[in-house]
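2 protein chains.
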Amino acid sequence: MKVNLAAKLSTFTDTYHPRIVGAFNDHDIMVVKAEGPFVWHKHDETDDLFLVLQGRLTIQLRDQDIELGPGELFVVPRGVEHCPIAHEEAHVLLIEPRDTPNTGDPATAVSKPQI
Amino acid sequence: MKVNLAAKLSTFTDTYHPRIVGAFNDHDIMVVKAEGPFVWHKHDETDDLFLVLQGRLTIQLRDQDIELGPGELFVVPRGVEHCPIAHEEAHVLLIEPRDTPNTGDPATAVSKPQI
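Here the protein sequences line up with chains W and Y, keeping their order. FYI, the numbering for the first sequence is 1422 to 1536, going by my numbering. FYI, the numbering for the second sequence is 1422 to 1536, going by my numbering.
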């Protein structure tokens, strides 16, 4: 089944709550809406792929900011602290291994529904 | 380093010759231009992720055609025969494990330069 990313994104409004839209080699393919700051975190076991579909997203690293617009992607290497912040609403494609906690910490992570 | 996918795609014109633009969990992130038919093939060891960025791409399967436009993705499950065909030029994001032969067969695969 093909996935229309904009159609999936039109089904929800809450931010920093990823939805799973597909699977690939034991990874979840997700879409998320971002607005304002997320939290500083890292993933020790996985890289973290961000592809901006709409809007603008800044990936804050401890030593620089990565500014992403539509059609731009960035991979945060495993173990690297980062904090996404969107100064306007951004729609983002994420790919992470299945069951990766979005905050880097299972105690604070949100569940990620499949849509 | 962020990756602007359109900028990467503007640096070459040949079709069905993927360029590597990034890495993610032992996978290559690639962009490719497609026009006309590719070849029927399968990958026994990996799923195959296609995200159309521009144009239209049809993923022919043995029992159906998957028609993709911009912002639409499809994952061909491992072991499933498929043949992409683009009736107009399409620009596509691909993600596959490093060193996956694009034709499914190392004897006929193209090398994939990093750009």
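Backbone N, C-alpha and C define an ideal beta-carbon position, used for all residues, glycine too. No experiment lies behind these values; they were computed from the predicted model shown.
At the level of alpha carbons, what is the spacing between Asp1449 (chain Y) and Asn1425 (chain W)?
Their Cα atoms are separated by approximately 23 Å.
Within this structure, are the beta carbons of Leu1474 (chain Y) and His1512 (chain Y) separated by less than 9 Å?
For Leu1474 (chain Y) and His1512 (chain Y), yes; Cβs fall inside 9 Å.
Counted within 10 angstroms of its Cβ, other Cβ atoms place Pro1534 (chain Y) as buried (16 or more) or exposed:
exposed
How would you list, in chain order, the residues of chain Y whose beta-carbon sits under 7 Å from the beta-carbon of Thr1467 (chain W)?
Asn1446
Proximity below 9 Å, CB of Leu1482 (chain W) to CB of His1503 (chain W):
yes
Once the 5 residues before and after Asp1362 (chain W) are set aside, which same chain residues still bring their CB inside 8 Å of it?
Chain W is shown only over 1422 to 1536; residue 1362 (chain W) falls outside these bounds and no answer can be derived.
Please decide whether Lys1423 (chain Y) counts as near chain W, where near means a Cβ-Cβ distance under 9 Å.
yes
I'd like to know if the stretch 1453-1473 of chain Y and the stretch 1485-1504 of chain Y are in contact, where contact means that at least 3 CB-CB pairs between them fall below 8 Å.
The stretch 1453-1473 of chain Y is in contact with the stretch 1485-1504 of chain Y.
Let me know if Arg1519 (chain Y) comes out buried or exposed under the rule of 16 or more other beta-carbons within 10 Å of its beta-carbon.
In the assembly as shown, Arg1519 (chain Y) is an exposed residue. Its beta-carbon has fewer than 16 other beta-carbons within 10 Å.
Residues in the stretch 1481-1503 of chain Y with C-beta within 7 Å of chain W's C-beta atoms, listed in sequence order?
Per Cβ criterion, the list reads Ile1487, Leu1489, Gly1492, Glu1493, Leu1494, Phe1495, Val1496.
Roughly how many angstroms lie between the CA atoms of Ser1532 (chain Y) and His1438 (chain Y), to the nearest whole one?
8 Å
Could you give the distance in angstroms between the alpha-carbon of Thr1529 (chain Y) and the alpha-carbon of Pro1458 (chain Y)?
16 Å
Let me know the secondary structure DSSP gives Ala1455 (chain Y) once reduced to three states.
strand
Answer yes or no: do Leu1494 (chain W) and Met1451 (chain W) have a C-beta to C-beta separation smaller than 9 Å?
no
On the CB-based measure, 16 or more other CB atoms within 10 Å of its CB, does Pro1527 (chain W) come out buried or exposed?
With fewer than 16 other CB atoms across the displayed protein chains lying within 10 angstroms of its CB, Pro1527 (chain W) is exposed.
So, at 6 Å on beta carbons, what are the nonlocal neighbours of Glu1456 (chain W) in its own chain, with the 5 sequence-adjacent residues on each side left out?
Thr1436, Ala1507, Glu1510
Based on Cα-Cα distance, which residue from Y:Asp1447, Y:Thr1467, Y:Asp1468 lies nearest to Asp1468 (chain W)?
Y:Asp1447
Against Ala1427 (chain W), what residues of chain Y qualify as contacts under a CB-to-CB distance less than 8 Å, listed in chain order?
Gly1492
Between which residues of its own chain and Asp1486 (chain Y) is the CB-CB distance below 8 Å, once the five residues before and five after are set aside?
Thr1479, Ile1480
Could you give the residue range of the beta strand (DSSP E) that holds Ala1549 (chain W)?
Summary: the structure shown does not reach residue 1549 (chain W), with chain W confined to residues 1422 through 1536, and so no result is reported for it.
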